[in-house]
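Structure first, then comments.
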Amino acid sequence: MDWDWEYAIDSLPLLAEGMLVTIELTVLGALFAYLLGLVFAMIRRVGVPVLSQFVYLFVEFIRSTPLLIQVFAFYYLLQPAIGVKLSPFLTGVIMLGVHYATYTSEVYRAGIEAIPKGQWEAARALSIPRSRVWTGIILPQAVPRVLPALGNYTISMFKETPLLLAIGVVDVLNSAKEAGAETFRVIEPYTLAGVFFLLVSYPASILVRKLERRVGTV
Amino acid sequence: MSEPYSSPSSDVMIQFDRVVKKFGDHVVLRELDFSVKPGEFVTLIGPSGSGKTTILRLLMTLELVDGGTIQVGGEYLSHMERGGSLVPADERHLRTQRKRIGMVFQQFNLFPNMRVLQNVTEAPVRALGLSKAEAEQRARELLDMVGLSDKVDAHPTQLSGGQQQRVAIARALAMRPQVLLLDEVTSALDPELVAGVLSVLKEIARTTDITFLCVTHEMQFARDVSDRVMMFDQGQVIEDAPPDQLFTQPAHERTRSFLHAVIDRAV
Amino acid sequence: MSDNLGRIISTLLEGVPVTIQATLGGIALTIVLALIAGLALLSKSRTVRFFSRVYVEGFRGTSEMVQLFWLYFVLPALVGLQIVPLFAGVLVLGLNHGAYGAEIVRGAVQSVPKAQHEGAVALNLGPVDRMRRVILPQAVVEMLPPFNNLFIQLLKSTALLYFISAQEITQKGEELRPALPMGDLTVIYAVELIIYLLLAIAITIVMRALERAGARRLGRKPPPRRKVFSSATAGGV
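Residue numbers (my numbering), protein chains in the order written: chain C, 17 to 234; chain V, 426 to 692; chain E, 81 to 317.
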């Protein structure tokens with residue numbers, strides 16, 4: 017079986033649709049993960065009783081277990097149990113977001129901890145209101161330094177999206193699978209799917225490394 | 426390289442011949458010439474950044490020359506002769522040359538993954554091919570000589586700086602070097618630990634015929650043990666004299682002001 | 081809970097050996113490839129560096145899922161050789177995580193102070209002895225914490241073997257699912273997740289023990305006892 021350029025080109029439109037879905041999943045999932053992770057980190061930082069411990073256990077549990085099973089559990093068990101029926105796509109966005117929020121929350125935590133104690137003390141000495149300390153002093157210093165780590169996790173998430181084909185999301189790999197099922201030719205679509213991931217994630221990781229050099233890491 | 430270089434002679438242990446060393450645009454050594462006789466103890470003094478340590482690092486082949494040649498015991502160090510001309514040495518040639526040279530570092534550089542005894546036996550076993558028993562016997566004798574026979578099973582990190590440096594001296598001696606390079610060996614030590622290290626070195630200098638090249642800020646030590654002291658500035662030897670002469674009647678103004686500064690600091 | 085409880089648990093447990101085999105096989109291959117490629121990244125030879133860089137970026141840049149599909153579905157079509165699912169899984173897990181591990185090895189070797197290298201040169205140890213006897217023993221201790229995270233990632237990735245029907249835990253659960261009522265699904269997923277959690281904790285316990293042994297060997301204070309949950313460093317994936 018040899019590489020067939022004509023077939024490869026023919027399968028591109030179908031793959032392109034899948035690529036778009038993969039990118040949508042990544043962007044939406046990442047935004048959700050950035051936000052939810054910040055919520056987790058703040059709850060832990062402020063030390064809300066009970067809730068804080070619960071978040072800790074939740075974060076460690078989610079991080080230590082496979083995303084695929086979490087997706088199954090949410091899709092087949094949790095959604096029927098609470099009486100909702102989300103699309104596979106939306107399920108994917110939510111679970112990517114929740115799973116990666118457990119990573120981003122650690123990134124924020126490290127970023128906040130990297131701020132020297134003297135900054136908090138100086139702010140207190142100047143009687144700056146608590147909310148202003150966060151928005152005016154801590155976050156402006158912490159956010160640039162966490163960007164490379166967030167970038168790395170976003171790239172990881174991007175490469176993990178294909179497992180959502182298990183619940184029927186038609187991403188780039190699933191498109192390749194469909195193309196292969198129709199024609200019994202699998203080399204071209206699967207290879208193109210791999211090339212697509214490489215073409216996005218390699219430049220992205222170079223960008224992250226550049227960013228790392230500029231702002232340092234946490 | 427076509428220029429002729431002076432031929433090695435047997436009463437010269439170390440011979441620098443028009444040695445040039447640059448780091449980027451910065452010239453550290455400019456056409457440096459000097460020689461050391463077998464068994465001599467020569468101390469290099471001079472302001473920091475004047476290239477003293479670079480000389481030792483060149484001799485240990487941790488750096489390679491950018492021009493000129495170095496000979497040790499009549500053999501080219503970082504060059505080798507091939508087809509009648511001198512070419513940069515390969516790793517094999519360097520390893521043959523390193524056999525005769527040992528170095529003690531400012532920061533000791535003991536291996537933390539080995540206990541004290543193994544720090545001393547490792548190289549004789551691996552690089553000289555001694556049997557483990559021979560190497561251990563040699564190591565125990567040397568550790569006894571530096572006063573650490575009770576520390577053979579300790580971790581380097583459990584020792585004081587002075588003890589670590591004495592292990593490092595034993596480790597270098599275990600290779601039976603003809604030349605021993607001492608690179609500011611007391612600079613990283615707490616003041617009360619300096620004396621112990623220096624007395625060990627004095628004893629070795631007195632009882633062996635090893636050739637020493639020493640960079641130090643310990644002027645009293647330099648005065649006590651050296652056969653010759655070389656004052657070094659801006660990549661050149663500006664004064665070369667026996668210690669009594671150099672310390673009491675420095676010929677050069679730079680030497681005088683340097684000694685003033687160092688001695689003022691010590692008081 | 082239901083009468084099916086025993087059957088569910090025993091079926092899921094049938095998948096555990098495959099999951100463990102895939103994990104251990106993947107870890108073994110990861111270690112080997114990470115060491116080879118990591119040291120190759122530091123080679124003096126441009127060619128060697130180039131090929132190891134291609135391996136590392138190639139496997140980090142493409143999705144693990146795509147690699148799995150490629151190896152399992154494309155390779156047979158190319159060379160007419162159908163690979164056993166477990167073997168394909170171990171291969172992909174090892175190749176993928178080995179690429180991440182290579183960067184860990186490279187970083188750890190570079191983190192060993194230059195003075196250690198110079199100390200070894202001054203004692204006339206050859207390049208191989210310098211690396212094997214002096215640099216690597218110290219670098220390995222630095223590698224352990226990031227490798228702990230990497231191995232847990234690898235364990236989680238074994239769930240992807242569901243897609244090639246390797247008969248591991250996830251697949252066993254999904255085979256049970258259609259025939260069971262809602263209430264039993266809770267059992268399936270709870271048991272699955274707990275098994276993975278326990279395996280992750282087991283990996284962490286082993287790695288922490290190695291960390292303590294390594295610290296002792298280097299004469300350092302052993303790292304403080306931490307909770308067994310992994311606390312991955314930021315950007316570690």
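The beta-carbon is built from N, C-alpha and C at its ideal position, and this holds for glycine as well.
This one's a predicted model, so the numbers in the text were calculated from it and none came from an experiment.
Partner residues on chain C for residue i, Cβ-Cβ distance less than 8 Å
i, result
"E/Val154", "Val202, Ile203, Tyr206 and Thr207"
Proximity of residue i and residue j at Cβ, strictly below 8 Å
i, j, result
"E/Gly106", "E/Leu173", "yes"
"V/Asp436", "V/Pro472", "no"
"C/Ala24", "C/Glu176", "no"
"C/Leu31", "C/Ala192", "yes"
"E/Ala219", "E/Ser191", "yes"
"E/Leu93", "E/Gly253", "no"
"E/Leu277", "C/Ser80", "yes"
"V/Ser682", "V/His642", "no"
"V/Asp649", "V/Lys627", "yes"
"C/Leu181", "E/Tyr269", "no"
"E/Val221", "E/Ala280", "no"
"E/Asn228", "E/Met287", "yes"
"C/Gly113", "C/Phe48", "yes"
"E/Arg212", "E/Ala200", "no"
"V/Leu511", "V/Tyr501", "yes"
"V/Leu752", "V/Arg591", "Nothing about residue 752 of chain V can be read from this structure; chain V reaches only from 426 to 692."
"E/Leu205", "V/Ala552", "yes"
"C/Val202", "E/Phe167", "no"
Chain-ordered neighbours of residue i on chain E, where CB pairs are closer than 7 Å
i, result
"C/Ala89", "Tyr269"
"C/Gly210", "Thr142, Val146 and Trp150"
"V/Pro581", "Gly299"
"V/Glu566", "Those within 7 Å of V/Glu566 in chain E number zero; the least Cβ separation is about 18 Å."
"C/Phe77", "Leu277"
Residue-chain proximity (residue i, chain B), Cβ-Cβ < 8 Å
i, result
"C/Gly232", "Annotation note: the requested chain B is absent from the structure, which comprises protein chains C, V and E."
Endpoints, alpha helix (DSSP H) assigned at residue i
i, result
"C/Thr199", "Val188 to Thr199"
"V/Asp515", "Where V/Asp515 is concerned, there is no enclosing alpha helix (DSSP H), given that its DSSP letter is neither H nor E."
"V/Ala666", "From DSSP, V/Ala666 is part of no alpha helix (DSSP H) but of the beta strand (DSSP E) over Gln661 to Ala666."
"C/Val75", "Leu67 to Ser80"
"V/Ser624", "Pro616 to Thr632"
"E/Met211", "Where E/Met211 is concerned, there is no enclosing alpha helix (DSSP H), given that its DSSP letter is neither H nor E."
"C/Trp136", "Lys133 to Ala141"
"C/Gly127", "Pro104 to Glu129"
"V/Pro549", "Val541 to Ala552"
"C/Trp21", "Trp21 to Asp26"
"C/Ile222", "Ile203 to Val231"
"E/Ile285", "Met262 to Arg297"
Cβ-Cβ separation, residue j to residue i (assumed contact under 8 Å), whole Å
i, j, result
"E/Val56", "E/Leu119", "What the structure shows of chain E is the stretch from 81 to 317, and residue 56 of chain E is not part of that stretch, so it cannot be assessed."
"V/Val610", "V/Val622", "6 Å"
"V/Val467", "V/Gly660", "Going by Cβ atoms, the distance from V/Val467 to V/Gly660 rounds to 17 Å, so no, they are not a contact pair."
"E/Glu272", "C/Ile85", "5 Å"
"E/Val98", "E/Gln233", "E/Val98 to E/Gln233, Cβ: 18 Å. No contact."
"V/Pro549", "V/Leu555", "4 Å"
"V/Ile480", "V/Gln440", "Not really, about 12 Å apart at Cβ, beyond 8 Å."
Beta-carbon neighbours of residue i, restricted to chain E and to distances below 9 Å
i, result
"C/Ile131", "Under the 9 Å cutoff, chain E gives no residues; its nearest Cβ is about 14 Å from C/Ile131."
"C/Pro96", "Met262 and Leu265"
"C/Thr151", "Correct list: empty, because the minimum Cβ distance to chain E is about 22 Å."
"V/Glu516", "Gly206 and Pro207"
Interface partners of residue i on chain V, CB under 7 Å
i, result
"E/Asn204", "Arg520, Arg523, Lys524, Ala548, Ala552 and Met600"
"E/Pro217", "Asn538"
Beta-bridge partners of residue i, as assigned by DSSP
i, result
"V/Asp608", "V/Val640"
"V/Leu457", "V/Val444"
"V/His451", "V/Phe448"
"V/Val529", "V/Leu607"
"V/Gly492", "V/Val445"
"V/Tyr501", "V/Gln496"
"V/Ile635", "Bridge partners of V/Ile635: none, in fact."
"V/Ile439", "V/Val461 and V/Val497"
Beta-carbon neighbours of residue i, restricted to chain V and to distances below 9 Å
i, result
"E/Glu198", "Arg482, Met485, Leu487, Met528, Phe530 and Asn534"
Unbroken beta strand (DSSP E) run spanning residue i, endpoints
i, result
"V/Glu506", "His504 to Arg507"
"V/Leu469", "Phe466 to Ile470"
"V/Phe657", "Arg653 to Asp658"
Where residue i meets chain E, residues with beta-carbon distance less than 8 Å
i, result
"V/Arg596", "Leu203"
"C/Leu84", "Ala239, Leu240, Tyr242 and Thr250"
"C/Phe213", "Gly141, Thr142, Ser143 and Val146"
Neighbour list for residue i in chain C, Cβ cutoff strictly below 7 Å
i, result
"E/Glu291", "Within 7 Å Cβ-Cβ: nothing; E/Glu291 doesn't reach chain C, min ~18 Å."
"E/Ala280", "Ser80"
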